[in-house]
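K.L.:
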Amino acid sequence: MRRSEDMDLARRALRGRDLVVFSNDWDGDPLSKVHIMRILSRDNRVLWVNSIGNRAPKANAHDLQRIWRKLSSFTEGIREVEPNLFVLAPLAIPFYGSEVVRTTNRELLRLQVKRAMKQLNFKRPISWSFLPASAPVSGTLGEEFVVYHCVDEFSAFSDTNGKHIAELEERLLRKANLVITSAERLRENKAKVNPNTVLVRHGVDYQHFVKACDEATQVPEDIAKLPGPIIGFFGLMADWVDQEAMIATAKAHPEGSVVVIGKVAPDCDVSAMKAVPNIHFLGRKPYASLPGYCRAFDVALMPFKVNELTLNANPLKVREYLAAGLPVVSTDIPEVRKVGLCKLATSTEDFVRKVDECLAEGAGPSRERAERIFHESWDARVEEIRGHVGEAMVRLGRGL
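Under this note's numbering, think of the first position of the sequence shown as 878, with each following residue one higher.
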């Protein structure tokens, strides 16, 4: 048992602190990182450093637009996007081929972050990295404590240099005072390098998604006009999504509609899906409107290919579907199996069969279904995180 004063110190962790957070771009979809930092910003100041990227950009319209957005954001300086939450869009040289460029980028990033910290009068900062790309800078900012929060097997993404990313991640793992992972398989892998590795699974914005169960929630017009049953997916359409399962589901229900809500990754070919007349791509929608779309769903889909990336994934959308009270059919991957509230499919044929089972058993949003995930709120997860950080700080003898 720890001494009572140590327990008291641990409880006070992550309150009244200055956090420097390396993550995806703030203006993207609200991923797990956004939910966690929004809660922590209630009683800490957060400097959110937009992504410096895990890969070299390509000469296509998508990447050129992204570079232009980053240049435009850089001219804005530090933006306070919410109380206590400041966003920095750093400038980096978008070519990763040479060691000279990497060294230049590291110094450029470090100087920009240090300047922002000085402007905000940050003291005794904690650096909190969600991305291996921050490895050259994490631990060089005068931090009191370094956290690596790993939510994906980054080296397994097909559009990155896996070897380079793995090297960066190993550097970050060795620097970190605490490693937090979102999946058990990630915890097992990262603990081989850093034994101070813990598991904190994703939470869910329950109060937001449960609105799908409310009769007063309006169903958006573009989905309301589609013939049912509506079998839906929201999220990024990327190369890890099992398109065959979605096509087979659509063909099994020609009377209904398979709906895709979200962006299509620039290197993801969805022409085979678009050739199926009852598959509808509705595009990216505002986060605020997702409960309305979920209200229109009869069944929600989580079709992933099984590979190293997805075996380490903890898909946030599964908990969001469940909080919306929807029956869910998912590929059988470890973290979805752990949730225990979805029908798991092991083949394309099985996927179609499980969708049929959901339709037969009572489709559409159900508050009773939603309440089964109520206890997995983001607030509860952040309390777990506070406890782990506090314990690690006490163990290291760091002041709180």
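Cβ atoms here follow ideal geometry from the backbone N, Cα and C, with glycine treated the same way.
Bear in mind the structure is a predicted one, so any value in this text is a computation, not a measurement.
Since I believe LEU1218 is in contact with ARG1283 (beta carbons under 8 Å), could you give me their beta-carbon distance rounded to a whole number of angstroms?
P.N.:
Summary: the structure shown does not reach residue 1283, with the chain confined to residues 878 through 1277, and so no result is reported for it.
K.L.:
For GLY893, I'd like the list of residues in its chain whose CB is within less than 6 Å of its CB, leaving aside the five on either flank, ordered along the chain.
P.N.:
Here residue 893 refers to the residue found at position 16 when the sequence shown is read from its first residue. Correct list: empty, nothing qualifies.
K.L.:
Measure the beta-carbon distance from SER909 to SER1059 and round it to whole angstroms, keeping in mind my assumption that it falls under 8 Å.
P.N.:
Here residue 909 corresponds to residue number 32 of the sequence shown, with the count starting at 1. Here residue 1059 corresponds to residue number 182 of the sequence shown, with the count starting at 1. Contact flag correct, Cβ pair sits at about 7 Å.
K.L.:
Quick one: what does DSSP say ASP920 is sitting in, helix, strand or coil?
P.N.:
Start at 1 with the first residue of the sequence shown, and residue 920 comes out as number 43. Three-state DSSP puts ASP920 in coil, outside helix and strand.
K.L.:
Determine the extent of the beta strand (DSSP E) in which ILE1156 is found, giving its start and end residues.
P.N.:
Working through the sequence shown from its first residue, we reach residue 1156 at position 279. 1156-1160 is the span of the beta strand (DSSP E), which, as asked, contains ILE1156.
K.L.:
Return the first residue and the last residue of the beta strand (DSSP E) that ARG1078 is part of.
P.N.:
As a working note, residue 1078 is residue 201 in the sequence shown. Per DSSP, ARG1078 belongs to no beta strand (DSSP E) and is neither H nor E.
K.L.:
Using C-beta distances below 7 Å, list every residue in its chain close to VAL1232, excluding the 5 sequence neighbours before and after it, in chain order.
P.N.:
Taking the first residue of the sequence shown as position 1, residue 1232 is located at position 355. Same-chain partners within the cutoff: ILE1108, THR1126, VAL1176, VAL1206.
K.L.:
Does the separation of the CB atoms of ARG983 and VAL1014 fall below 8 Å?
P.N.:
Position 106 of the sequence shown, counted from the start, is the residue given in the question as residue 983. Position 137 of the sequence shown, counted from the start, is the residue given in the question as residue 1014. Yes, they are a contact pair.
K.L.:
Would you check if the region 1198-1205 and the region 1061-1070 touch, i.e. whether three or more CB-CB distances between them fall below 8 Å?
P.N.:
No, the region 1061-1070 is not in contact with the region 1198-1205.
K.L.:
Where THR980 and ALA969 are concerned, what is the direct C-alpha to C-alpha distance, given to the nearest angstrom?
P.N.:
On the sequence shown, residue 980 is found 103 positions in, with the first residue counted as 1. On the sequence shown, residue 969 is found 92 positions in, with the first residue counted as 1. Straight-line Cα distance between these residues: approximately 11 Å.
K.L.:
Per DSSP, which one or two residues make a beta bridge with CYS1282?
P.N.:
No information on residue 1282 is available, as it lies outside the stretch 878 to 1277 that the chain covers here.
K.L.:
Buried or exposed: LEU1186, going by 16 or more other Cβ atoms within 10 Å of its Cβ?
P.N.:
By 1-based counting over the sequence shown, the position of residue 1186 is 309. Burial call: buried.
K.L.:
Where does ALA1101 land, buried or exposed, given buried means 16+ other C-beta within 10 angstroms?
P.N.:
In the sequence shown, residue 1101 corresponds to position 224, counting from 1. Exposed, because fewer than 16 other Cβ atoms sit within 10 Å of the Cβ of ALA1101.
K.L.:
Which same chain residues, not among the five before or five after ALA1053, have their C-beta less than 7 Å away from its C-beta?
P.N.:
Sequence index remark: in the sequence shown, residue 1053 carries index 176 (1-based). Within the same chain, ALA1053 has close Cβ partners VAL1023, VAL1024, TYR1025, ASN1071.
K.L.:
Going by the CB atoms, is the gap between ASP1209 and LEU1221 shorter than 8 Å?
P.N.:
Taking the first residue of the sequence shown as 1, we reach residue 1221 at position 344. Taking the first residue of the sequence shown as 1, we reach residue 1209 at position 332. Yes.
K.L.:
Using only alpha-carbon positions, find the residue among SER1011, LYS1000, PHE999 that is nearest to PRO967.
P.N.:
Residue numbering aside, residue 967 sits at position 90 when the sequence shown is read from its first letter. The residue with the shortest Cα to Cα distance from PRO967 is SER1011.
K.L.:
Assuming the contact rule is C-beta atoms closer than 8 Å, ILE916 and ASP1256 should be a hit. Round their C-beta distance to whole Å, please.
P.N.:
Here residue 916 refers to the residue found at position 39 when the sequence shown is read from its first residue. Here residue 1256 refers to the residue found at position 379 when the sequence shown is read from its first residue. Contact flag correct, Cβ pair sits at about 6 Å.
K.L.:
Express the C-alpha separation of ARG889 and VAL1271 in angstroms, rounding to a whole number.
P.N.:
Here residue 1271 corresponds to residue number 394 of the sequence shown, with the count starting at 1. Here residue 889 corresponds to residue number 12 of the sequence shown, with the count starting at 1. Near 11 Å, if we compare the C-alpha coordinates of ARG889 and VAL1271.
K.L.:
Under three-state DSSP, which class holds ARG1214?
P.N.:
Counted from its first residue, the sequence shown places residue 1214 at position 337. In the structure shown, ARG1214 sits in a helix (DSSP, three-state: H, G or I).
K.L.:
Mapping the DSSP letters down to three states, classify VAL1014 as helix, strand or coil.
P.N.:
Along the sequence shown, read from residue 1 onward, the residue named residue 1014 stands at position 137. Three-state DSSP puts VAL1014 in coil, outside helix and strand.
K.L.:
Taking Cβ positions, are ILE1352 and LEU986 nearer each other than 8 Å?
P.N.:
Since the first residue of the chain shown is 878 and the last is 1277, residue 1352 is not available in this structure.
K.L.:
Hey, ILE1262 and VAL1077 are a contact pair by Cβ (cut 8 Å); roughly how many whole angstroms apart?
P.N.:
Numbered from its first residue, the sequence shown carries residue 1262 at position 385. Numbered from its first residue, the sequence shown carries residue 1077 at position 200. Yes, they are in contact, since the Cβ atoms of ILE1262 and VAL1077 sit about 6 Å apart, within 8 Å.
K.L.:
Scan the region 1215-1252 and note each continuous beta strand (DSSP E) run of 3 residues or more that stays entirely inside, going in chain order.
P.N.:
Within the region 1215-1252, the complete beta strand (DSSP E) runs of at least 3 residues are 1220-1222.
K.L.:
What is the DSSP secondary structure of VAL1183, counted as helix, strand or coil?
P.N.:
To locate residue 1183, count along the sequence shown from 1; it is residue 306. It is coil, neither helix nor strand.
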